[in-house]
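Here's the structure we're looking at; comments come further down.
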Amino acid sequence: MTIAREHAGDRRVAAVEVKIGHLRQVVPSALSLAFELVADGTVVEGAELRVEEIPARVACRECAAERRVTEFPFLCAECGSLDVEVIAGDELLVDALELEDAVAVAR
Ligand SMILES: [Zn+2]
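And the structure:
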């Protein structure tokens with residue numbers, strides 16, 4: 031939450047939006063607890079934590095198909111190739127801060 035504090039300055043933060051890729055295997059309740067611990071005593075204290083989970087997607091290097099995947103091993107649903115590149119799902123970032131009277135994008 032260092033990012034959140036730097037961008038908020040002295041203003042109180044109403045909400046923090048984070049994007050978490052499916053591949054991160056983050057447990058939402060554990061994240062909420064960790065958030066409360068680091069936010070305690072800062073401008074982020076009491077802010078609402080909004081978590082958006084990003085589904086995993088892969089792009090096939092053989093046939094260029096892009097598909098959502100839900101489990102290992104990752105393979106192309108079109109041609110069955112295992113030569114795929116993960117293009118989404120490994121995110122772990124603060125997407126936006128909602129300050130008391132404005133929204134600041136943290137990227
Ligand atoms: Zn393919």
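Per the numbering used here, numbering through the sequence shown is continuous, rising by one, with the last residue being 137. We put the beta carbon where it would ideally sit given N, CA and C, even for glycine.
- Under the 8 Å Cβ criterion, the stretch 113–129 counts as touching the stretch 85–101, having at least three qualifying pairs.
- Assignment of beta strand (DSSP E) within the stretch 82–107, counting only whole runs of 3 or more residues, yields 86–90 and 96–99 in chain order.
- Here Leu61 is not bridged, per DSSP, to any residue.
- Of Arg87, Leu105, Glu82 and Ala60, the smallest CA-CA separation from Leu122 is found for Glu82.
- Check the Cα spacing between Val73 and each of Phe102, Val43, Ile84 and Thr100: the tightest is with Val43.
- In summary, Ala77 is buried, with 16 or more beta-carbon neighbours lying within 10 Å of its beta-carbon over all protein chains present.
- Beta-carbon to beta-carbon, Leu79 and Ser62 are separated by about 6 Å, close enough to satisfy the 8 Å threshold.
- Listed as beta-bridge partners of Gly51 by DSSP are Ile84.
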